[in-house]
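S.K.: Here the protein sequences come in this chain order: A and B.
Anchor point for the first sequence: position 236 equals 534 in our numbering, and the numbering is continuous, going up by one each time.
Anchor point for the second sequence: position 239 equals 367 in our numbering, and the numbering is continuous, going up by one each time.
My structure is below; once you've seen it, I'll send some questions.
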Amino acid sequence: TSPRLRLPLRLIIPVPPPLKMRIGAKSAILTLGVCAALVALNSYASSSRIGAGLAATGGRTRPARLSRQNSPRNQVLSRRGEALQTSSRRAPQLSVGAACDDGAYLSKDQKAELKRIADLIATPGKGITAVDEGPGTIGDRFENVGVINTEENRRKYRQMLFETPGAPDHLSAAILDPETLYQKSDTSGKLFPESLKDMGILPGVKPHLKVYTLPGTNGETVMQGLDSLAMRLREYKEAGAVFAKWRSPMTIGEGQPSDLAIQANMNDLARYALICQDEGLVPIVEPDVSLKGDHDLETAIVANVKIQSALYKAMLDHGVYMEGTILKVNMVNPGKSCKTPYSVEEIAEANVHVLRQCMPVAIPGVNYLSGGQSLEDAAARLSTINKLRKNCPWNLSFSWSAALQMPLFELCRGKDELPLAEMSDLYAKELKVASDAANGLHNPNGSDGAHIPPNAKQMEAVAA
Amino acid sequence: CGRSQSRMGDHTTAEKRLRAICSHVFTKEYKHAEELIATAQTIASPGKGILAADESIGTIGKRFKGIGVENSRENRRAYRHLLASTEGLGKHISGVILFEESLFEKMDDGSLLVDGFKKEGIVLGIKVDKGTRYLPSTDGELYTQGLTDLDKRAKKYYDFGARFAKWRAVVKILPGKGPSNNAIQETAHSLARYAAICQNNGLVPIVEPEILMDGDHDLATAQKWTEIVVSACYSALRLQGVLLEGTLLKPNMVLPGASCKKRYTPADNAAATVTALQRSVPVAVPGITFLSGGQGEEDATIMLNALNQPGLGYRPWSLTFSYGRALQKSVLAAWKGKKENVPAAQKMLLLRARANGDANLGKYTGYAANSGEASKSLYVKNYAY
């Protein structure tokens, strides 16, 4: 067990710490200028010919430039997504607010469907497998272990993940890259979205996003992707996706995350969520604060409360239907190179604390990302969060990519082909760990989940 | 991980957990944190609520006028003493809000008026705002004043024995428009400032953003504005460093406008209210003590009972009452200023307190429906007190 907490603490309450925020007239003008530029950019984009062309037809037709004769994608796009067969395994709740929903912009039926999907994603004891790496990103992972990055390898690999025996017992949903939406399983012959639905796993998609650095902010970013988002979501919905995901990364550092970066990113997340719901997809909103840095746990708490608080306010102000959304978020952790040790209980307490400060009861679930944590650490922390959750009403679960998949890639080293059976076995074991953690039943080994300062780690390694 | 319907965690465990993360908070910079959390949880105890007896001199005068009693200091003392000396009141009343005059009031034998409340284990609270004024350049919207020297006053009240405070902000839904952004920001910001100052001086702030019933807006409109206003309040509270675990929220129930043509059932109103709260109130807040806002005594009890029925989804905060008019109308009518009527009046108070305490538990069966003034509406247009 790590040493008892010895914190040179300031307040746990979300008073912004004395970060060196840029102040003064020059920065204020710059801030306004950037805001104005962003607003102008977005309004230009939404009035562009793409949006206008679609709007004119009034229906859900594709613009001509996207058609390709006889491609699987083309065939799918002419079909409607099928209704999900499985019913909610969650305890039934009264459909609240029937009388008071009159006049709201989403119809009662639209809301009911969004809520149904969100509640399914938030099934207790189940989580999300995030397999939404683009061909480039997964290509890096493949090449790192000597696997050639071909479309077929990507397809085979994802199929192995989806069809691992027992996976549906631990997974409520899978986030796909758009490419995967149009690939088929060679066991069922069906496209992956349909194949997943047959197994009781909801398919979702990460639409393409491009990072953009905010000028004058020392590297802070927003994600570009709102332009033509509605149109792309329509395509993905027709391909069978029932939810989408948007990730807005931020970092903690000197003067970061700045109010500007928070506002810009949270507004974008809220607008993305609004557009998703209008297109009939449940939005997973993902504010992701990086592990990078040497900040302590308390600093992380303050930053996370600030960010999440801004997110829910933006969502409410935009008119997002809260009951039909899911939060995907980083765990609150000290920075990777923080010099103070923390126990897994302290980290779990910090996470429960942050949720209780700002998360609306109305959102059914939280799926924590791994963000560089090992599976052992992530599972230890998630399980402890669930053990210490007291009256937290949300489903507290996982949406893991690297934590589940990096060990699988390691199995590929020195092999000629993808060792699919071996990978599948390991993946099945990992999924059990993950869902145990989501149920608060996973018991950490040793110092799993604790934060051990970098020097101490080195000394441990030397001693070992 | 049982997702039971329990509304509050055990507070010693919560304390320990918070302490584990930041022991520093309890010793140096936030010396009242433990007490604030404990007080808030005590007030939000199951089966109990708040008696709001903090009518200003002018307002209690209106009440007295209605029962033919002169608005003298003696009568005001006699009436509040009636409340304070009600035996058994502490069974269903966890806190009482008083006006400054009553807080410090002495009886003829030198004892304090509030001694009776203390004996019943009822936490003393104090109204600290100084009334509403018109917000310039708006269409009759209001702001609440009272921040000047609030730190000094709060300390004075704390030293005397008060442990919580109340500040009433008033928001209007202008026909076809709703509250202006100006009014929302002003409400949220001053409530947060009041709350921070109170906590620094040991008082649990009850945060009261009352959205008036005035108007013909429907239930959905009332719900939307409640969500936006309450969520703006919590943004401001977090920004100003308020310890949410040491606060209470006193919102309006979500109800249609007083002159709305459409009819809704208590269940409709309850669903709208709970949904609005689920979207805007953090789990860290231990209790929500509703204002009655012009509803008659029985209506207010029935609504509270409806809010505590199963099937409305997760409610991690206690949903209870902080009633003024809706606890006292029958009491005043029974008292009529006469000493010989005091026992009967106290019986009425106990009856309504018990009814609302049962409503907090979702167990009210309507047994108090025909007593006293239970069924009379108490709605007054453009209410200010």
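Every residue, glycine too, gets a C-beta built ideally from N, C-alpha and C.
Leaving out five residues on either side along the sequence, give the residues of the same chain with a beta carbon under 7 Å from the beta carbon of R371(A).
M.R.: If you number the first sequence from 1, residue 371(A) lands on position 73. Note that R371(A) scores a pLDDT of 43, beneath 50, so its modelled location is shaky and nothing firm can be said.
S.K.: Output the distance between the C-alpha atoms of Q756(A) and A608(A), rounded to the nearest integer angstrom.
M.R.: Start at 1 with the first residue of the first sequence, and residue 756(A) comes out as number 458. Start at 1 with the first residue of the first sequence, and residue 608(A) comes out as number 310. Their backbone Cα atoms lie some 38 Å apart in a straight line.
S.K.: Mind checking which residues open and close the alpha helix (DSSP H) that includes W353(B)?
M.R.: What you label residue 353(B) is simply residue 225 of the second sequence in a count that begins at 1. Taken as a continuous stretch (DSSP letters only), the alpha helix (DSSP H) holding W353(B) covers L347 to L367.
S.K.: Contact criterion: CB-CB distance below 8 Å. Does R321(B) meet it with respect to chain A?
M.R.: Indexing the second sequence from 1 puts residue 321(B) at position 193. No, its Cβ sits nowhere closer than 8 Å to a Cβ of chain A.
S.K.: Is the distance from the Cβ of I426(A) to the Cβ of L469(A) below 8 Å?
M.R.: Against the first sequence, residue 426(A) aligns to sequence position 128. Against the first sequence, residue 469(A) aligns to sequence position 171. Their beta carbons are under 8 Å apart, which means I426(A) touches L469(A) by this criterion.
S.K.: Tell me which residues share the same chain as E501(B) and place their Cβ nearer than 6 Å to its Cβ, disregarding the 5 neighbours each side in the sequence.
M.R.: In the second sequence, the residue the question calls residue 501(B) occupies position 373. So the qualifying residues of the chain are K457, S458 and A461.
S.K.: In the DSSP output, what is N665(A) paired with across the bridge?
M.R.: Numbered from its first residue, the first sequence carries residue 665(A) at position 367. Beta-bridge pairing links N665(A) to K626(A) and S695(A).
S.K.: Short of 8 Å Cβ to Cβ, which residues in the region 639–664 of chain A face chain B?
M.R.: Correct list: E643, E644, E647, A648, V650, H651, L653, R654, Q655, C656, M657, P658, V659 and A660.
S.K.: Rounded to whole angstroms, what's the CA-CA distance from K180(B) to H506(A)? Just pull it up for me.
M.R.: For this step, residue 180(B) is matched to residue 52 along the second sequence. For this step, residue 506(A) is matched to residue 208 along the first sequence. It is worth fixing the name first, because residue 180(B) is Ala in this sequence and not Lys. Spanning the two alpha carbons is a distance of roughly 56 Å.
S.K.: In the DSSP output, which residue or residues are listed as bridge partners for Q522(A)?
M.R.: Translated into the one-based positions of the first sequence, residue 522(A) becomes position 224. For Q522(A), which the question treats as bridged, DSSP gives the partners K508(A).
S.K.: Checking contacts by CB at 8 Å: is V627(A) closer than that to chain B?
M.R.: As a first step, residue 627(A) is located in the first sequence; it is residue number 329 there, counting from the start. So no, V627(A) is outside the interface.
S.K.: Applying the criterion that 16 or more other CB atoms from any shown protein chain within 10 Å of the CB defines a buried residue, is V153(B) buried or exposed?
M.R.: Against the second sequence, residue 153(B) aligns to sequence position 25. Confidence is the limiting factor: at V153(B) the pLDDT is only 39, short of 50, which leaves the residue's position unreliable, though a coordinate-based value still follows. Buried, by the Cβ-count rule.
S.K.: Rank A497(B), Q406(B), G465(B) and L340(B) by C-alpha distance to the C-alpha of E269(B) and give the top, closest one.
M.R.: Here residue 269(B) refers to the residue found at position 141 when the second sequence is read from its first residue. Minimum Cα distance to E269(B) is reached at L340(B).
S.K.: Please confirm if the region 609–617 of chain A is in contact with the region 691–710 of chain A, defined as three or more CB-CB distances below 8 Å between the two stretches.
M.R.: These segments do not touch.
S.K.: Counting only the same chain and skipping the five closest in sequence on each side, list residues whose C-beta sits under 7 Å from that of A559(A).
M.R.: Numbered from 1 along the first sequence, position 261 holds the residue referred to as residue 559(A). L512, T515, E518 and M548.
S.K.: Which whole runs of the alpha helix (DSSP H) in the region 697–732 of chain A are 4 residues long or more, in chain order?
M.R.: Those alpha helix (DSSP H) runs which fall completely within the region 697–732 of chain A and span 4+ residues are 700–708.
S.K.: Out of V618(A), K634(A) and V664(A), which one is the CA nearest neighbour of D417(A)?
M.R.: Along the first sequence, one-based indexing puts residue 417(A) at 119. D417(A) has its Cα closest to that of V664(A), out of V618(A), K634(A) and V664(A).
S.K.: Any contact between the region 193–209 of chain B and the region 273–292 of chain B? By contact I mean 3 or more CB pairs, one from each, below 8 Å.
M.R.: The answer is no - the region 273–292 of chain B does not touch the region 193–209 of chain B, with fewer than three Cβ pairs under 8 Å.
S.K.: Could you name the residues that DSSP lists as bridge partners for Q554(A)?
M.R.: Counting from one through the first sequence, the residue named residue 554(A) turns up at place 256. Q554(A) pairs with G551(A).
S.K.: Can you name the residues of chain B whose CB is closer than 8 Å to the CB of L614(A)?
M.R.: As a first step, residue 614(A) is located in the first sequence; it is residue number 316 there, counting from the start. Here the neighbours are E355, I356, S359, R407 and S408.
S.K.: Just verifying my parser: in three-state terms, what is the DSSP assignment at P433(A)?
M.R.: What you label residue 433(A) is simply residue 135 of the first sequence in a count that begins at 1. Residue state, collapsed to three classes: helix.
S.K.: Can you list the residues of chain A that L372(B) reaches, using a CB-CB cut of under 7 Å?
M.R.: In the second sequence, residue 372(B) corresponds to position 244, counting from 1. Ordered by position in chain A, the residues that pass the 7 Å Cβ test against L372(B) are Q655.
S.K.: Please classify V299(B): is it buried, with 16 or more other beta-carbons within 10 angstroms of its beta-carbon, or exposed?
M.R.: Residue mapping note: residue 299(B) aligns to position 171 of the second sequence, counting from 1. Its Cβ being crowded by 16 or more others within 10 Å, V299(B) is buried.
S.K.: Go ahead and pull the three-state DSSP assignment for G322(A).
M.R.: Position 24 of the first sequence, counting from 1, holds the residue named residue 322(A). Low confidence applies to G322(A): its pLDDT is 45, below 50, so where it sits in the model is not reliable, and the reading given next is rough at best. In the structure shown, G322(A) sits in coil (DSSP, three-state: anything other than H, G, I, E or B).
S.K.: Where does E501(B) sit, in a helix, a strand or coil, going by DSSP?
M.R.: Within the second sequence, residue 501(B) is the residue found at index 373, counting from 1. Note: E501(B) maps to coil in three-state DSSP.
S.K.: Closer than 8 Å by beta-carbon distance: list the chain A residues that pair up with Y492(B), in chain order.
M.R.: Within the second sequence, numbered from 1, the residue matching residue 492(B) stands at position 364. Simply none; closest approach about 20 Å.
S.K.: I need the boundaries of the alpha helix (DSSP H) containing S675(A), first residue and last residue.
M.R.: Position 377 of the first sequence, counted from the first residue, corresponds to residue 675(A). Note on residue identity: the sequence assigns Asp, not Ser, to residue 675(A). First-last of the alpha helix (DSSP H) with D675(A): L673 to K685.
S.K.: Assuming P337(B) and A297(B) form a contact by the criterion Cβ under 8 Å, report the distance between their Cβ atoms to the nearest whole angstrom.
M.R.: Walking along the second sequence from the start, residue 337(B) turns up at place 209. Walking along the second sequence from the start, residue 297(B) turns up at place 169. Confirmed, about 5 Å.
S.K.: Note down, in chain order, all residues in the region 663–691 of chain A with a beta-carbon under 8 Å from any beta-carbon belonging to chain B.
M.R.: Listed by position along the chain: N684, K685, L686, R687, K688, N689, C690 and P691.
S.K.: Only counting the same chain, and skipping five residues up and downstream in sequence, which positions put a Cβ closer than 7 Å to that of T355(A)?
M.R.: Position 57 of the first sequence, counting from 1, holds the residue named residue 355(A). Confidence at T355(A) is low in this model, with a pLDDT of 37, below 50, so the placement of that residue should be treated as unreliable; the coordinate-derived value is given next. Closer than 7 Å at Cβ, skipping near neighbours: no residue.
S.K.: So which residues of chain B does V603(A) contact, with C-beta pairs closer than 9 Å?
M.R.: Taking the first sequence and counting its residues from 1, one reaches residue 603(A) at position 305. The contacting residues are R366.
S.K.: M620(A) touches chain B at which residues, Cβ-Cβ below 7 Å?
M.R.: Residue numbering aside, residue 620(A) sits at position 322 when the first sequence is read from its first letter. What M620(A) touches in chain B: R407.
S.K.: Using a beta-carbon distance cut-off of less than 8 Å, what residues from the region 433–459 of chain B approach chain A?
M.R.: Answer set for the region 433–459 of chain B: G439, L440, G441, Y442, R443 and P444.
S.K.: Helix, strand or coil: how does DSSP classify V650(A) here?
M.R.: To locate residue 650(A), count along the first sequence from 1; it is residue 352. Helix.
S.K.: Would you list, in sequence order, the uninterrupted alpha helix (DSSP H) runs of no fewer than 4 residues that lie entirely inside the region 590–619 of chain A?
M.R.: With a minimum length of 4 residues, the continuous alpha helix (DSSP H) runs that stay inside the region 590–619 of chain A are 595–616.
S.K.: State the Cα-Cα distance for the pair T354(B) and V630(A), rounded to the nearest angstrom.
M.R.: Here residue 354(B) corresponds to residue number 226 of the second sequence, with the count starting at 1. Here residue 630(A) corresponds to residue number 332 of the first sequence, with the count starting at 1. Those two C-alpha atoms are separated by around 30 Å.
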